[in-house]
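Here it is, written out as structure tokens:
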């Protein structure tokens, strides 16, 4: 969800942190030119369709998924039956809970005012994508019906914009940090077979929210080999290694993005070391797509 604060980092210099690096690769590959994609709030990389990215808007849109690529071409629009978009904030691609194929996991977990008694996770099999760009007047296709799981937090409402799916099929969620520390929660894989679930608290992340620096969590992703995690904020990328006991350990200094994407809310791994970043549009411009390596 777009922040209501006029961020000071629009002219931000790199903060004086003891451990920080800058990207070794930054490439703007395209713009999200499809008019319906005004506020890309998450991105996932297809394994079935080479070069295809999945994205979505946050609140204000219907339950729609958009297929695109690094150039930002419109590859199709997909209505998700059985879903509603209260505030979609992240998306991930992983093996389906009960099928030997890939599913898209959608986090309807945004809660700017921390008032929602329940949030919702949707799981839907990845639809087929046509290889050529869609025509502007092409109607939306429909996915299979989504599986919906209502999730509550045991300690009250949270604003969550970051999600990833673990290799064991469990889902992890990270709070944004607007109202307190950045917290990590687990939704077990078995819970995806039920209509409701309670998220399990895991830990307080070793990150200090700093609103003036844009250090609020907006997305997360896991690498294809399942060994690395990235948590993005508006201005930084934080990398972690996964331990067998679910602990996260720092994987090098944070990566400073500065004003590359002032409203950036999407991140995914293209491979084990390269990321794709997506962003909401700013000042009437289409949202940019960047390829980044740190």
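In the working numbering, the protein residues as written are 566 to 859. Yeah, the Cβ is synthetic: ideal placement off N, Cα and C, and Gly gets one too. All values derive from a computational prediction rather than experimental measurement.
To the nearest angstrom, how far is it from the Cα of residue i to the Cα of residue j?
i, j, result
"residue 687", "residue 849", "30 Å"
"residue 723", "residue 679", "5 Å"
"residue 737", "residue 847", "29 Å"
"residue 695", "residue 689", "18 Å"
"residue 584", "residue 777", "19 Å"
"residue 664", "residue 691", "11 Å"
"residue 615", "residue 653", "25 Å"
"residue 779", "residue 757", "33 Å"
"residue 693", "residue 683", "31 Å"
"residue 754", "residue 659", "12 Å"
"residue 612", "residue 668", "10 Å"
"residue 817", "residue 771", "13 Å"
"residue 629", "residue 642", "7 Å"
"residue 832", "residue 728", "10 Å"
"residue 820", "residue 762", "34 Å"
"residue 792", "residue 651", "32 Å"
"residue 666", "residue 591", "32 Å"
"residue 670", "residue 618", "14 Å"
"residue 645", "residue 625", "15 Å"
"residue 673", "residue 589", "33 Å"
Output the boundary residues of the beta strand (DSSP E) element that contains residue i.
i, result
"residue 596", "590-596"
"residue 601", "Residue 601 -> no beta strand (DSSP E), and no H or E assigned at all."
"residue 761", "761-763"
"residue 737", "736-740"
"residue 853", "853-858"
"residue 644", "641-644"
"residue 631", "629-633"
"residue 726", "725-730"
Can you tell me whether residue i is helix, strand or coil according to DSSP?
i, result
"residue 681", "coil"
"residue 613", "coil"
"residue 777", "helix"
"residue 815", "strand"
"residue 586", "strand"
"residue 755", "helix"
"residue 800", "coil"
"residue 666", "coil"
"residue 570", "Annotation note: pLDDT 39 at residue 570 (below 50); position unreliable, no value reported."
"residue 607", "strand"
"residue 783", "strand"
"residue 719", "coil"
"residue 660", "strand"
"residue 792", "coil"
Name the DSSP bridge partner or partners of residue i?
i, result
"residue 831", "843"
"residue 621", "Its beta-bridge partners do not exist; DSSP assigns none."
"residue 687", "671, 713"
"residue 653", "The partner list for residue 653 (beta bridge, DSSP) is empty, contrary to what the question assumes."
"residue 747", "DSSP output for residue 747 lists no bridge partner at all."
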